[in-house]
Amino acid sequence: MSAVLPALIVVPLLAALALALSSRSSERVADILCNVGTVVVVGLTFAITGPVLGGIKLEWFAGGASALGINLAVDGLSLLMLLVISLGCLAASVYSVSYMDSYTSKAKYYVLFMLMLAGMNMVVLGADIVNMYVGIEIAALACYSLVAYGLDKEYLEASFKYQVLGTVGTLCLVSGIGLMYAMLGTVSFEEMAGMGAAGVAGIAIPAVLLLSGFGLKAAFVPYHAWLPDAHSSAPSPVSALLSGVFIKVIGLYGLMRLLFLVFVPGSTFSTVLLVLASLSILVGALLALVQTDMKRLLAYCTISQMGYVLLGIAIGTPLALAAALFHMVNHAIFKELFFFGAGSVERQTGTRDIASLGGLNSKMPVTGVTTAIGFFSVSGCPPFGGFWSKMLIIVAAVQAGQTGFAVVGAIGAVITIAYFLRYERGVFFGALPEALRNVKESPVTMVAPMIVLAAACIGLGLVFPWFIESVLQPAVHAIMLGA
Amino acid sequence: MSQLCILSVVLVAVGLYGVLLKRNLLKVVIGIELMVLGVAGLVVVVGSGGGAVAEVSQTVGLIGVIGGASVVCLMIVTAVRLYEKYGTLDIREMRRLKG
Numbered sequence: 001m002s003a004v005l006p007a008l009i010v011v012p013l014l015a016a017l018a019l020a021l022s023s024r025s026s027e028r029v030a031d032i033l034c035n036v037g038t039v040v041v042v043g044l045t046f047a048i049t050g051p052v053l054g055g056i057k058l059e060w061f062a063g064g065a066s067a068l069g070i071n072l073a074v075d076g077l078s079l080l081m082l083l084v085i086s087l088g089c090l091a092a093s094v095y096s097v098s099y100m101d102s103y104t105s106k107a108k109y110y111v112l113f114m115l116m117l118a119g120m121n122m123v124v125l126g127a128d129i130v131n132m133y134v135g136i137e138i139a140a141l142a143c144y145s146l147v148a149y150g151l152d153k154e155y156l157e158a159s160f161k162y163q164v165l166g167t168v169g170t171l172c173l174v175s176g177i178g179l180m181y182a183m184l185g186t187v188s189f190e191e192m193a194g195m196g197a198a199g200v201a202g203i204a205i206p207a208v209l210l211l212s213g214f215g216l217k218a219a220f221v222p223y224h225a226w227l228p229d230a231h232s233s234a235p236s237p238v239s240a241l242l243s244g245v246f247i248k249v250i251g252l253y254g255l256m257r258l259l260f261l262v263f264v265p266g267s268t269f270s271t272v273l274l275v276l277a278s279l280s281i282l283v284g285a286l287l288a289l290v291q292t293d294m295k296r297l298l299a300y301c302t303i304s305q306m307g308y309v310l311l312g313i314a315i316g317t318p319l320a321l322a323a324a325l326f327h328m329v330n331h332a333i334f335k336e337l338f339f340f341g342a343g344s345v346e347r348q349t350g351t352r353d354i355a356s357l358g359g360l361n362s363k364m365p366v367t368g369v370t371t372a373i374g375f376f377s378v379s380g381c382p383p384f385g386g387f388w389s390k391m392l393i394i395v396a397a398v399q400a401g402q403t404g405f406a407v408v409g410a411i412g413a414v415i416t417i418a419y420f421l422r423y424e425r426g427v428f429f430g431a432l433p434e435a436l437r438n439v440k441e442s443p444v445t446m447v448a449p450m451i452v453l454a455a456a457c458i459g460l461g462l463v464f465p466w467f468i469e470s471v472l473q474p475a476v477h478a479i480m481l482g483a
Numbered sequence: 001m002s003q004l005c006i007l008s009v010v011l012v013a014v015g016l017y018g019v020l021l022k023r024n025l026l027k028v029v030i031g032i033e034l035m036v037l038g039v040a041g042l043v044v045v046v047g048s049g050g051g052a053v054a055e056v057s058q059t060v061g062l063i064g065v066i067g068g069a070s071v072v073c074l075m076i077v078t079a080v081r082l083y084e085k086y087g088t089l090d091i092r093e094m095r096r097l098k099g
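As they're listed, the protein sequences go chains B and G. Numbered according to my numbering, the first sequence spans residues 1 to 483. Numbered according to my numbering, the second sequence spans residues 1 to 99.
Written as C-alpha cells, this is what we have:
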C-alpha cells in the first residue's frame, strides 16, 4: 500500500515526460494522455482513502529515514489535500480539452499542468519540511510559466511580478527552514511535534520568516499584490486550479502543518494570524466590489475567502479547524466552478468585462445555472456547503471568545453577497447586448465539469455532518498532533 | 562564522535593494540572484554550529540555490519576452496591470 505514495508523484512526472515526447503528434493524443494521468492519480488517491480514514498512517522512505532522504507520509490532513488536488486537477484537465483549443501547443500546456500536479502532490506527501519545500518549488515553477502561457504583454507582466514575489516568499521559507533546523536539529514534522518545538528559545525568528513565506504564497493581505494579476492572466482552467487548489496547497497547508508546532493558538503568533485573516476578509471583499473584470473580481474574492479559512485556523479549536478545512474544500469547489464559468463566458463572447456583458442566462443556461449555484454557496445560503462552513467559522469564533473577529466574518459575508449580486446581474441577468445575440453554450467537455462541481456544492451541504465526521476529523487530529 | 553571517546578510540586503528600487528588469533579476546566494550562505553558516548536522543545512542551502537558479532562468526568459513586446526593460513603461 505504501508504494502508492511515490506513485502519486511519479505518475504525473511520467505523464509529463510522455506528453513532452509526444508534443509533435496530434492534440487528441495529448488530451488523452493528460486525462489518463489525472484519472490514474485520482484512482491512486481513492486506493489509499479507506485505509488512511481507518486510522492507518502510510509512510515511505528512500535513502533511509534520515533528514537527507525522500520521506513521504500520509495522514488525515495529507489525504484531504490529496483528494482536493486530484479531483480539482481532474476537473481542470477535462475542462482544458475544449478550452485550450484556442491556444497553441496544447501538449506543452499539459506538461506544465502535470508538473504542477506532481509538485503539489509532493508538498502534501512530504513527511518533513524540506521535502515540502522541494514540492513547493516544482509546483511554483510550473505555475509561473502557466500564468504567462498566453504570452500577451499583461500575462508576461503578471508572471514576472508573481515570479519576483513568489521567489521572495520561497527565500523566506528557505531561510526559515535553515534557521529552524539549526535550532531544533530536525526537519521532520513528527519529531518536531514530539520535542515541543514552540517552546525552544529564539524560535520566533524562523517562525516570522516561515509566516511571511507562506503568507506570500497564500496571498494574505498585505502579501496579496501578485494574486489578482496572476489569477486573472492564466488560462481559465489554470486560474481555477490556482485559486481553488494551488494557493491552499503551497500556502495554507504549510501553515496548518506548523500551526501547533510553532504558531500555537493563544500565542502572539495566533493574534497576528487573526489580524491577517480579518484584513484579508475585509480588504479582499472591498476591492472585489469595484472590479470590472470577471476574473479579477473572482481573484479578489479568493483573497477574502482565504481570510475565512485563516480565521478558522488561527482560532485553533477543533470546531474552528474543522470549519476552516470545510470552508477550504467548499472554496475549492465553488471557486473552480466560478472560474470555469468565467472561462466559458470569455470563450463564447470574447470578453471578461462585466459592463459589456448581460442577459447570458438565456443563451448559456448551463453556465448560468451552475454559476448561480456557486453564488448561493459562496454567499452562504442554506443548505449549500458554503453556508455551513462560514457559519461554523463564525460560531467557533464566538465560542472561543473572539466576538470581534466573528463580527468581521459576518460583515465580510454581507459584502460577499453584494459583489456577487453585481457579478450575477452584470453577466447573467439584465438585457442581452446586441453584440451577444448569437452566443452559444460551451461544448460538453467544458459544461460537464461545471455540472459536477455544482452538484458537489449542493451535495456537500446536504451530507456535511457525515463529511465533517468521517473526512475532516482525521485531518483535524493530524493538525492537532503537536498540541 | 560571524563575518560569514554578516556577508550573507549584506548580500540579502543588497539584493533586496535591487528588487525594490531598481527600475530595470535585469537588475531586479540580479537582485533576486544575490538574495538567493545570501540566503543559501546564511543557511549553511547558521547550520554549521550547534546541535545541527552540517550536511543537512548544506543540502537545504544547495536546494535553495538550485531552485533560485531555475527561477532566475525563467525570469530572464520572461524579461526577454517583455523586451520583445515593449522594446524596453524599464518597469515604469510596463504598467498595464493595476494593483
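Backbone N, C-alpha and C define an ideal beta-carbon position, used for all residues, glycine too. Note that the structure is a prediction, hence the values are computed from the model and not measured.
Hey, does Glu-55 of chain G have any beta-carbon neighbour from chain B nearer than 8 Å?
yes
What residue range is occupied by the uninterrupted beta strand (DSSP E) comprising Phe-61 of chain B?
58 to 62
Can you tell me whether Phe-467 of chain B is buried or exposed? The criterion is at least 16 other CB atoms within 10 Å of its CB, across all chains shown.
buried
How many Å lie between Leu-298 of chain B and Pro-237 of chain B at the Cα?
13 Å
Taking the alpha carbon of Asn-361 of chain B as the reference point, which residue from B:Ala-355, B:Gln-305, B:Ala-322 and B:Gly-430 has its own alpha carbon closest?
B:Gly-430
To test your reading of the DSSP string, which unbroken beta strand (DSSP E) runs of 3 or more residues are found completely within the region 366 to 424 of chain B?
none
Quick check: the Cα distance between Val-427 of chain B and Thr-367 of chain B, rounded to an integer number of angstroms?
11 Å
Give the straight-line distance between the Cα atoms of Gly-99 of chain G and Ser-2 of chain B, rounded to the nearest whole angstrom.
With a pLDDT of only 44 at Gly-99 of chain G, under 50, the local geometry of the prediction cannot be trusted, and the value read off the model is given with reservation. Near 46 Å, if we compare the C-alpha coordinates of Ser-2 of chain B and Gly-99 of chain G.
Candidates B:Glu-346, B:Leu-211 and B:Ala-372, of which the one nearest Arg-422 of chain B by Cα
B:Ala-372
Beta-bridge pairing of Ile-70 of chain B - partner residues as DSSP gives them:
B:Ala-62
Quick one, which of B:Thr-170, B:Phe-269, B:Cys-381 and B:Ala-92 has its alpha-carbon nearest Phe-420 of chain B's?
B:Cys-381
Name the chain G residues whose beta carbon is nearer than 7 Å to that of Ser-278 of chain B?
Ordered by position in chain G, no residue passes the 7 Å Cβ test against Ser-278 of chain B, which lies about 20 Å from the chain.
Please state whether the Cβ-Cβ distance between Glu-157 of chain B and Met-75 of chain G is less than 8 Å.
no
Using the beta-carbon of each residue, which ones in chain B are nearer than 7 Å to Lys-85 of chain G?
Lys-153 and Leu-156
Under a CB-based cut-off of 8 Å, is Gly-99 of chain G close to chain B?
Its pLDDT being 44, under 50, Gly-99 of chain G is placed unreliably in this model, and the value from its coordinates should be taken loosely. It does; some Cβ of chain B falls within 8 Å.
What are the residues in the region 94 to 126 of chain B lying within 8 Å of chain D by C-beta distance?
Structure shown: chain D not included; protein chains present are B and G.
Cβ of Thr-292 of chain B within 8 Å of any chain G Cβ:
no
Leaving aside the five residues before and after Cys-301 of chain B along the sequence, list all residues of the same chain whose C-beta is less than 6 Å from its C-beta, in chain order.
Ala-288
Interface flag, Leu-13 of chain B vs chain G, CB-CB below 8 Å
no
If you run the structure through DSSP and keep just helix, strand and coil, what is Asn-361 of chain B?
coil
Boundaries of the alpha helix (DSSP H) in which Tyr-308 of chain B is found, first to last residue
294 to 315
Does the Cβ of Phe-189 of chain B have 16 or more other Cβ atoms within 10 Å, making it buried, or fewer, making it exposed?
buried
For Val-345 of chain B and chain G, any beta-carbon pair shorter than 8 Å?
no
Chain G contacts from the region 170 to 182 of chain B (Cβ-Cβ distance under 7 Å):
Thr-170, Leu-171, Val-174, Ser-175, Ile-177, Gly-178, Leu-179, Tyr-181 and Ala-182
For Glu-84 of chain G, does the count of other Cβ atoms within 10 angstroms reach 16, so buried, or fall short, so exposed?
exposed
I need the DSSP call for Gly-213 of chain B, collapsed to helix, strand or coil.
helix
Can you confirm whether Ala-148 of chain B, when its beta carbon is compared against all beta carbons of chain G, has any partner nearer than 8 Å?
yes
Contact set between Cys-188 of chain B and chain G, taken where Cβ atoms lie within less than 8 Å
It is Ser, not Cys, that sits at residue 188 of chain B in the sequence shown. Correct list: empty, because the minimum Cβ distance to chain G is about 11 Å.
Ignore the nearest five residues each way along the sequence and tell me which others in Ser-105 of chain B's own chain have a CB closer than 8 Å to its CB.
Ser-23
Within-8 Å CB hit, Val-14 of chain G to chain B:
no
Could you check which residue in B:Asp-31, B:Val-168 and B:Leu-472 has the C-alpha nearest to that of Tyr-17 of chain G?
B:Val-168
May I ask you to report which of helix, strand or coil DSSP gives Asp-353 of chain B?
strand
With the cut-off set at 8 Å, would you say Pro-318 of chain B and Met-480 of chain B are in Cβ contact?
yes
Can you give the Cα-Cα distance for Ala-62 of chain B and Asn-71 of chain B, rounded to whole angstroms?
7 Å
Hey, does Thr-167 of chain B have any beta-carbon neighbour from chain G nearer than 8 Å?
yes
Nearest chain G C-beta to Val-134 of chain B closer than 8 Å, yes or no?
yes
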